[in-house]
Each structure stands twice: as structure tokens, then as C-alpha cells.
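Heads up, the thing below is written out as C-alpha cells.
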Amino acid sequence: MEEVIEQLREANEPVPVPLELPDEDLLVEIEEQLFINIPFVFKEYLLTVSDVVYGSLEPVTVTDPQSHTYLPDVAANAWDSGVPRDLIPICQDGDDYYCVEEDGTVVLWSAEEEIVTEESWESVWHWVRDVWLES
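If you want it as C-alpha cells, here you go:
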């Protein structure tokens, strides 16, 4: 995990208005908006590197309600598109969504097939390393 955080920090692209990292209280508010608990490993990600901007993928953020990556809005759109309600989207990729399961596993939901595909990653950190950092 530390190695992945370091890689993300090194890859972080400068932006005119940098994102802020959330605190625990904000994550509690987000959980209340979503009516679902955020898995521990995803909370870790949000608290440590959700301010990173890198590559072609734009993972969800939680500090700016006006952002197109704001988790409650992305989740509402994902669930409206057919993503199962027990999955929390971490990143939209075209019409597909990478989502985190209750146990912290990341899966890919395909809009075309309207199913969770066979592709999965052990945790958000594995997804960051194998997918986001490669984008």
C-alpha cells in the first residue's frame, strides 16, 4: 500500500485548483448520503490519495460536491444505470464502472452486458496499481 501511495504521489499532475483530502467526519456524512458503509480499505484510499490527479481515469472524490467525480453523484448515476446497489463505484470508465464490494474487492461492472464481469482486484490498492497507474 505504501509503495502504491508513493507511486501515486510521484505521478500526481499539477492542476489549477488542487483537490483536498477528506477527514473521517466527511466520510461519515458521505456514508449517510449513500445509505451504505464504505469499506475500510476504500476509506483509507479516500483519506490518503483521493486528491491525486493522474492519467485518463478519474476516480471518485468526496470533498467537492460540484465536481463531476463527487462520489454521491457518481454512485446515483451508476445505480440508475443498473449497477447493483451494494457496490460503490470508485471510477467511471465510459459507460462501465469500477466498483468496490463490501469486503474491499474491486470489480468491473459492464454497462453493455449489465453484469459484474470476471475481472476483479483484491483491493482498491491493487486496482490503483494495475489499472489507474497504467491509464
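According to the working numbering, the sequence shown is numbered sequentially starting from 597.
Just so it is clear, CB atoms sit at the ideal spot from N, CA and C, and this is done for glycine as well.
To the nearest angstrom, how far is it from the Cα of residue i to the Cα of residue j?
i	j	result
Glu616	Thr659	6 angstroms
Tyr641	Trp705	20 angstroms
Val624	Glu730	31 angstroms
Glu598	Arg605	11 angstroms
Ala672	Gly678	10 angstroms
Could you check which residue in the options has the C-alpha nearest to that of residue i?
i	options	result
Pro612	Met597, Asp621, Val649	Val649
Tyr666	Glu599, Cys687, Val727	Cys687
His550	Val712, Cys695, Glu708	No answer is possible for residue 550: the residues shown for the chain start at 597 and end at 731.
Ser652	Asp676, Phe638, Glu609	Glu609
Asp676	Thr657, Asp692, Glu697, Asp619	Asp692
Val702	Glu708, Asp621, Trp728, Gly690	Trp728
Quick test of your reading: residue i and residue j, contact by CB under 8 angstroms. State the CB separation rounded to the nearest angstrom.
i	j	result
Pro614	Asp647	7 angstroms
Thr644	Ile711	In fact, because the Cβ distance is near 31 angstroms, the residues do not count as touching under 8 angstroms.
How do the region 630-639 and the region 668-685 stand: do at least 3 beta-carbon pairs fall below 8 angstroms, yes or no? By the criterion of at least three beta-carbon pairs nearer than 8 angstroms, the region 630-639 is in contact with the region 668-685.
Taking only runs that begin and end inside the region 672-718, name each unbroken beta strand (DSSP E) of 3 or more residues, in chain order. 684-689, 692-696, 702-706, 711-717
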